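Asks:
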Amino acid sequence: MAFSTASTEEYLNHLQTKGFYFHEDSLGFIEFGRRYTETSDALVNMAIEVTLKAQLQFDGSFFIAILEMLKENKISSKKEAYKLFRNKKIL
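Shown next as structure tokens:
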């Protein structure tokens with residue numbers, strides 16, 4: 004599933020096929036984060052991916068912090084995002 008082309012709903016469905024399930028509160032954090040940061044589905048998807056990789060589960064506050072970091076740094080590609088996360092020692 005491509006980072007930049009899938010809607011967040013499609014991405015979450017894809018993750019469910021891989022065994023990741025999101026509780027109602029997690030879905031609420033995802034929707035809140037999208038509205039709070041006014042970011043694209045691509046950045047929301049990236050924040051979900053990084054949250055799961057770094058925390059091994061969905062952590063709402065970590066997700067929001069990652070989403071804010073992506074927006075603040077004007078990240079527009081997966082390559083840029085991973086470079087940022089390596090520099091910040093998140094991944």
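For what it's worth, the numbering used here labels the leading residue of the sequence shown as 4, then goes sequentially.
Here a beta-carbon is modelled for each residue, glycine too, at the ideal position from N, C-alpha and C.
Because the structure is a prediction, the values reported are computed rather than measured.
Since Thr42 and Leu15 are thought to touch, with beta carbons under 8 Å apart, how far apart are those beta carbons, to the nearest angstrom?
Replies: The Cβ separation is near 16 Å, so there is no contact.
Asks: At which residues does the alpha helix (DSSP H) containing Tyr14 begin and terminate?
Replies: Taken as a continuous stretch (DSSP letters only), the alpha helix (DSSP H) holding Tyr14 covers Thr11 to Thr20.
Asks: Is the beta carbon of Ala45 closer than 9 Å to that of Thr20?
Replies: Annotated as distal: Thr20 and Ala45, with beta-carbon spacing of 9 Å or more.
Asks: Tell me which residues share the same chain as Lys91 and place their Cβ nearer than 8 Å to its Cβ, disregarding the 5 neighbours each side in the sequence.
Replies: Met72
Asks: Should Phe35 and Ile67 be called a contact, given that it needs their Cβ atoms to be closer than 9 Å?
Replies: yes
Asks: With a threshold of 6 Å on Cβ separation, who are the neighbours of Asn76 within its own chain once the five nearest residues in sequence on each side are excluded?
Replies: Leu87
Asks: Between Phe61 and Phe23, is the Cβ-Cβ spacing less than 9 Å?
Replies: yes
Asks: Leaving aside the five residues before and after Ile93 along the sequence, list all residues of the same chain whose C-beta is less than 6 Å from its C-beta, in chain order.
Replies: Ala57
Asks: With DSSP run on the structure shown, which of helix, strand or coil describes Glu34?
Replies: helix
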